[in-house]
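Top to bottom, those sequences are chains L and B.
For the first sequence, our numbering begins at 25 and goes up steadily by one.
For the second sequence, our numbering begins at 43 and goes up steadily by one.
The beta carbon of each residue, even a glycine, is placed where N, CA and C say it ideally should be.
Everything numeric in this text was worked out from a predicted model, so none of it was measured.
Structure, as structure tokens:
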Amino acid sequence: MEQDNMSTTIDIARDFTRTPGGRYISDGPFSGELFRDRLLVPALRKARQNGQPVVVILDGTRGYLSSFLEEAFGGLVRECGFTRQELNRLLEVKAIDEFYAPYKLLAKRYISDARERAIAI
Amino acid sequence: MPSVFCLEENHDEVAKFLSDLRRTLSISGQRLGRLRMTGGFRARARRQTIYNYIDFASMDRITPAAALALASEYDRANSLFDIEELLQAINLERWKAEVRTTLQDVGFLSLLGVDPPKEHLEARDGVYAVPFISGTKVDGAVIDVMIRSLADFAQGRGVGDSDALLSRSRVYDGLGEAIQNVEDHAYPDGAVFAYPIVKRWWMTGAVEPAKKRFNLMIYDQGVTIPVSLPRWSQIDEFKASFVKAFNREFVPDDSDRDGETIAHAVQLGRSSTGESWHGKGLPLMREIVENASAGSLRIFSRRGAYVYRLGQSPTSKTFPVPLLGTLVEWDLYL
């Protein structure tokens with residue numbers, strides 16, 4: 025994970041794995057849930073405080089499973105209390121190589137499709 | 043023993059053989075367990091009784107996909123009952139060379155203890171298969187190993203860009219989606235199976251370098267797609283569109299429309315625009331074919347078969363005899 029004065033960058037292939045796995049930690053190694061909870065959420069919480077966006081680079085991996093992307097990105101809204109508006113402001117998902125562009129679209133779609141979990145009081 | 047061991051060409055005979063084999067191996071395994079407890083196994087072993095063998099000499103041809111399903115039955119039995127000493131290969135010299143090589147390549151002979159791990163895989167009509175990998179988790183590193191094995195083979199035989207070709211075709215995603223489906227749906231808690239099961243998947247691949255043809259397949263012995271559909275998150279949408287398409291209710295226990303059911307599940311995922319759902323792996327598996335210059339996706343599950351060939355409309359079929367699991371196979375010309 026790289027941090028400068030402007031933003032925090034998470035390069036998935038470099039900072040997490042070249043071979044992303046499935047949805048949940050219980051599904052196997054390098055899951056979307058693990059990525060979200062270990063890297064993405066802490067970086068976004070910091071971003072909430074300092075206002076500096078988090079950039080996630082998708083390039084360099086073997087590919088992605090839809091379940092990984094849904095849990096990692098959709099899960100931010102569904103499980104972790106981030107709003108879509110907040111993520112629009114604080115999170116930039118990047119695909120430098122055209123090969124990764126469909127994953128970027130999926131990640132964004134999963135964020136916009138995710139429903140915030142109702143909180144019971 | 044079916045002479046043509048291919049699910050596409052000889053589905054019912056192969057499916058019946060695999061089903062009978064599961065029953066036979068289960069009974070043998072349970073019997074062995076009892077003999078071990080009573081000390082009878084040693085006496086039996088001293089007499090060197092071979093009471094569990096199948097004559098493969100009558101087999102004329104076997105595809106890597108069917109060989110994978112066959113190997114999975116032996117692997118399952120060995121995992122459950124530790125019956126390696128009972129699984130024997132006899133009269134190997136009478137087996138057809140192509141059959142023996144395919145079974146050897148995919149790792150079946152290793153299960154029978156007659157084939158030590160090889161450093162170099164053998165050729166069969168220009169097609170090379172790699173030993174199967176089995177697992178229980180969605181593990182990208184394992185998928186990567188399979189892709190690399192195939193790429194290395196092709197690379198060494200003139201397909202210089204094979205790793206890039208495989209990467210660009212997104213087979214990593216396809217195999218991963220298939221494994222995630224196994225993880226999510228194949229072995230649900232509380233499911234009842236006729237014989238003991240291991241909650242695993244099995245994967246292998248083959249390559250024909252001269253044609254830049256890559257064949258990848260994954261098999262599980264789970265409840266099958268039609269049975270698992272009620273647990274999918276968009277089952278209500280599926281049921282509604284099923285009624286619309288076939289003018290009858292979707293009943294998971296009714297296997298008469300398994301082919302159409304699988305085709306419908308693939309299609310629903312493709313057209314679905316609603317909340318992301320756990321069944322969407324199926325359409326993504328189909329998209330792998332669209333990244334190839336030619337190729338097909340075949341799914342066999344219970345009595346159903348779904349085939350999508352690039353540039354053609356998908357077809358589906360329901361066979362009389364059920365397969366006790368799900369086989370997903372890509373045949374890609376890259």
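- Shown here for Ser61(B): same chain residues with a beta carbon closer than 6 Å to its own, the five before and five after excluded, namely Leu366 in chain order.
- Contact with chain L is absent for Lys138(B), since none of that chain's Cβ atoms lies less than 7 Å from the residue's Cβ.
- Annotated as proximal: Val156(B) and Ala131(B), with beta-carbon spacing under 7 Å.
- Secondary structure remark: continuous beta strand (DSSP E) runs of at least 3 residues inside the segment 290-364 of chain B, in chain order: 336-351.
- Secondary structure note for Lys128(L): its alpha helix (DSSP H) is the uninterrupted segment Ala125 to Asp137.
- Assignment of Lys286(B) by DSSP, reduced to helix, strand and coil, places it in the helix class.
- Per DSSP, Thr32(L) is not a residue of any alpha helix (DSSP H); the beta strand (DSSP E) it occupies stretches across Thr32 to Asp35.
- Fully contained in the segment 213-298 of chain B are the following beta strand (DSSP E) runs of length 3 or more, in chain order: 243-250 and 255-262.
- Taking a Cβ-Cβ cut-off of 7 Å, the neighbours of Pro44(L) in chain B comprise Gly182, given in sequence order.
- With a cutoff of 7 Å on beta-carbon distance, Val148(B) and Leu110(B) are scored as near each other.
- Spatial neighbours of Arg299(B) in its own chain (CB-CB distance under 7 Å, excluding positions within 5 residues in sequence) are listed in chain order as Phe288 and Thr360.
- For Arg328(B), there are no neighbours in chain L by C-beta distance under 7 Å, as the nearest C-beta there is about 13 Å away.
- The beta carbon of Asp295(B) does not come within 7 Å of any beta carbon belonging to chain L, so the residue lies off that interface.
- Residues are counted here when their Cβ sits less than 7 Å from a Cβ of chain L; for the segment 222-237 of chain B these are Gln222 and Glu225, given in chain order.
- When Cβ-Cβ separations below 7 Å define contact, Asp215(B) makes contact with chain L.
- The bridge partners DSSP lists for Glu126(B) come to none.
- Taking C-alpha positions only, Val56(B) is separated from Ser91(L) by approximately 33 Å.
- Under a 10 Å Cβ-count criterion, Phe235(B) is classified as exposed, with fewer than 16 other Cβ atoms of the shown protein chains found around its own Cβ.
- For the pair of segments examined, the segment 98-107 of chain B was found to touch the segment 127-141 of chain B: the number of CB pairs separated by less than 8 Å reaches three.
- Assignment of beta-bridge partners to Arg103(B) by DSSP yields Val46(B).
- In the structure shown, the three-state DSSP call for Ile185(B) is helix.
- In this structure the segment 30-37 of chain L does not lie against the segment 202-213 of chain B, because fewer than three pairs of beta carbons, one per stretch, are closer than 8 Å.
- The beta-carbon of Gly84(L) is placed no less than 7 Å from the nearest beta-carbon of chain B.
- Between Pro53(L) and Glu116(L), the gap from beta carbon to beta carbon reaches 7 Å or more.
- Following the DSSP letters along the chain, one finds Lys70(L) in no beta strand (DSSP E) but inside the alpha helix (DSSP H) bounded by residues Val65 to Asn74.
- Residue-level contact by beta carbon fails for Lys253(B) and chain L, as no gap is shorter than 7 Å.
- In the three-state scheme derived from DSSP, where H, G and I count as helix and E and B as strand, Leu115(L) is classed as strand.
- One finds Arg86, Gly87 and Phe123 in chain L with Cβ atoms closer than 9 Å to the Cβ of Ser209(B), taken in chain order.
- Going by DSSP, Gly56(L) is part of the alpha helix (DSSP H) stretching over Gly56 to Phe59.
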